[in-house]
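Q: Read in full-length UniProt numbering, the sequence shown has 78 at position 78, and its numbers run on one by one without any break.
Built from N, CA and C at the ideal position, the CB exists for glycine as well.
Take a look at the following structure, please.
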Amino acid sequence: MTSNSIIKLSCIINFIDDKKIFSKGENSFECGYVKSFNYIPDVGILSGQVHASMKNKLYDVKIFFKDKNIEHASCICPTGLTKCHHMVSLLLHGHNNISVTDISCSWSKKSVRENDEVQ
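Right under this line is the structure:
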């Protein structure tokens, strides 16, 4: 875990404000459901794709920051107009992977198929 994380855990908890959603998002993060991840600090946008819980589907998630606080978030899942566990999963990934020394951070996990072809 990054000690100088840009995204504070307390900020995530305060924004989501729902233990059930937070717990489900935490499980999603721990299971590696974050497929892609991009952070643009100059504009304060964290975006990425998170796998659906039980479907072979990806959801686009965007988190908007203002003054180091989460201002707004959106996800294309059915509940993404409010707050969903995909947002939590991406935020936790950001919490663990973005530090104050990062100018620009982008990451994409290779699919199993891509990894097999390389070998």
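Of all the alpha helix (DSSP H) runs that stay within the bounds of the stretch 23-104, which reach a length of 4 or more residues?
A: Segments of the alpha helix (DSSP H) lying fully in the stretch 23-104: 85-97.
Q: Taking Cβ positions only, does H93 come closer than 9 Å to chain B?
A: The structure shown has no chain B; it contains just one protein chain.
Q: With a CB to CB cut of under 7 Å and the five nearest residues on each side skipped, what residues in its chain are close to I7?
A: The residue labelled residue 7 in the question sits at position 7 within the sequence shown. The answer, listed in chain order, is L91, G94, H95 and I98.
Q: Hey, out of N38, L9, Y39 and I45, whose CA is closest to C25's CA?
A: The residue you call residue 25 lines up with position 25 of the sequence shown. Residue identity differs from the one stated: residue 25 is Gly in this sequence, not Cys. Out of N38, L9, Y39 and I45, L9 has the C-alpha closest to the C-alpha of G25.
Q: Answer yes or no: do L46 and N38 have a C-beta to C-beta separation smaller than 9 Å?
A: Residue mapping note: residue 46 aligns to position 46 of the sequence shown, counting from 1. Residue mapping note: residue 38 aligns to position 38 of the sequence shown, counting from 1. Against a cut-off of 9 Å, the Cβ pair of N38 and L46 comes out as a contact.
Q: How would you write the range of the alpha helix (DSSP H) that I16 sits in, first residue to last?
A: In the sequence shown, counting from the first residue as 1, residue 16 sits at position 16. Where I16 is concerned, the enclosing alpha helix (DSSP H) stretches over L9 to I16.
Q: Does the Cβ of G32 have 16 or more other Cβ atoms within 10 Å, making it buried, or fewer, making it exposed?
A: Indexing the sequence shown from 1 puts residue 32 at position 32. Exposed is the call here.
Q: With burial defined as no fewer than 16 other Cβ atoms inside 10 Å of the residue's Cβ, what is the status of H72: buried or exposed?
A: On the sequence shown, residue 72 is found 72 positions in, with the first residue counted as 1. Exposed, by the Cβ-count rule.
Q: Out of S89, K68 and C84, which has the shortest C-alpha to C-alpha gap to P41?
A: Indexing the sequence shown from 1 puts residue 41 at position 41. Selected option, being the one with the closest Cα: K68.
Q: Can you tell which of S36, V43, S23 and D17 has its C-alpha closest to the C-alpha of F65?
A: For the purposes of this step, residue 65 is identified with residue 65 of the sequence shown, where counting begins at 1. That would be V43, whose Cα lies nearest to the Cα of F65.
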